[in-house]
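S.K.: Would you mind keeping the following structure in view while I ask a few things?
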Amino acid sequence: AQTIHQWPVAEIKAVGSPLSLGCTIKGKSSPNLYWYWQATGGTLQQLFYSITVGQVESVVQLNLSASRPKDDQFILSTEKLLLSHSGFYLCAWSPTRNTEVFFGKGTRLTVV
Amino acid sequence: SQWGEENLQALSIQEGEDVTMNCSYKTYTTVVHWYRQDSGRGPALIILIRSNEREKRSGRLRATLDTSSQSSSLSITAAQCEDTAVYFCATPYTGNYKYVFGAGTRLKVIA
Chain A
2 AQTIHQWPVA
12 EIKAVGSPLS
22 LGCTIKGKSS
32 PNLYWYWQAT
42 GGTLQQLFYS
52 ITVGQVESVV
62 QLNLSASRPK
72 DDQFILSTEK
82 LLLSHSGFYL
92 CAWSPTRNTE
102 VFFGKGTRLT
112 VV
Chain B
50 SQWGEENLQA
60 LSIQEGEDVT
70 MNCSYKTYTT
80 VVHWYRQDSG
90 RGPALIILIR
100 SNEREKRSGR
110 LRATLDTSSQ
120 SSSLSITAAQ
130 CEDTAVYFCA
140 TPYTGNYKYV
150 FGAGTRLKVI
160 A
């Protein structure tokens with residue numbers, strides 16, 4: 002069975018500090034990977050997707066970057082956090098395009 | 050109804066009532082997915098309906114799809130307190146890997 006693990010579970014960070022969030026997917030080779038952001042009480046906004054190692058496409062610009070250093074790993078980062086980066090970050094995967102997307106448990110980020 | 054930049058809707062109903070949530074989508078798609086998100090967790094798929102289906106049922110859930118109006122609905126029959134959650138529709142974009150969620154409906158079922 003496939004599993005998706007996100008880390009950390011929660012972070013409180015200062016404005017201007019760097020950030021690195023990660024997720025790993027086990028049990029599925031070459032998954033499509035996604036990062037989503039969700040404001041409190043809001044919908045899910047797709048940030049990035051990756052269909053293969055080393056290739057990441059940006060969907061919206063939020064002063065964030067993403068990388069896929071390994072087939073099963075997806076990293077979200079920024080060098081300088083803004084207050085507007087606060088929210089719930091979700092990593093997700095799908096086996097192919099146009100199929101169900103499976104989500105991790107998310108990381109709650111509070112920028113102060 | 051829900052889509053994109055619209056705010057999350059809120060519905061409050063009594064246990065045992067039926068409820069319908071609507072979604073309209075803006076791009077050609079071959080499938081509409083409906084997700085449920087419990088507080089503090091990632092969403093999980095509860096039902097999907099393909100473009101060649103007008104209606105799909107799963108237990109107390111019923112999804113409909115009208116491709117001519119690019120709209121879908123999710124109905125819950127005899128809602129229970131445990132149905133309290135946020136419900137989203139989502140559609141994959143044909144031709145790329147964008148996967149777009151609607152604004153969502155926050156459903157509260159009161160005993």
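So the protein lines, in turn, are chains A and B. Just so we're aligned: 44 in the numbering used here is position 43 of the first sequence, and the numbers increase by one with no gaps anywhere. Just so we're aligned: 59 in the numbering used here is position 10 of the second sequence, and the numbers increase by one with no gaps anywhere. Idealized CB from N, CA, C, for every residue including glycine. Here the structure is a predicted model, which means the values were calculated and not measured.
Output the distance between the C-alpha atoms of D115 of chain B and F49 of chain A, rounded to the nearest integer angstrom.
M.R.: 29 Å
S.K.: Taking 7 Å as the threshold (beta carbon to beta carbon), is G108 of chain B in contact with chain A?
M.R.: no
S.K.: Does the beta-carbon of R98 of chain A, which I'm using as the reference point, lie nearer than 6 Å to any heavy atom of the ligand FAD?
M.R.: Absence of the ligand FAD is noted for the structure shown, with no ligands found whatsoever.
S.K.: What is the residue span of the beta strand (DSSP E) that E102 of chain B lies within?
M.R.: Counting along the chain, E102 of chain B falls outside any beta strand (DSSP E), and DSSP gives it neither H nor E.
S.K.: Would you tell me roughly how many angstroms separate the C-alpha atoms of V57 of chain A and C24 of chain A, rounded to the nearest one?
M.R.: 15 Å
S.K.: K147 of chain B lies in the beta strand (DSSP E); which residues open and close that run?
M.R.: No beta strand (DSSP E) contains K147 of chain B, which DSSP labels as neither H nor E.
S.K.: Which of helix, strand or coil does DSSP assign to D132 of chain B?
M.R.: In the structure shown, D132 of chain B sits in a helix (DSSP, three-state: H, G or I).
S.K.: Name the DSSP bridge partner or partners of A93 of chain A?
M.R.: A:Y35 and A:F104
S.K.: Using a Cβ distance threshold of 8 Å, determine whether the stretch 71-81 of chain B contacts the stretch 132-151 of chain B, with at least three qualifying pairs required.
M.R.: yes
S.K.: How about L94 of chain B and E12 of chain A: are their beta carbons less than 7 Å apart?
M.R.: no
S.K.: If you draw a straight line from the C-alpha of R90 of chain B to the C-alpha of V68 of chain B, how long is it?
M.R.: 23 Å
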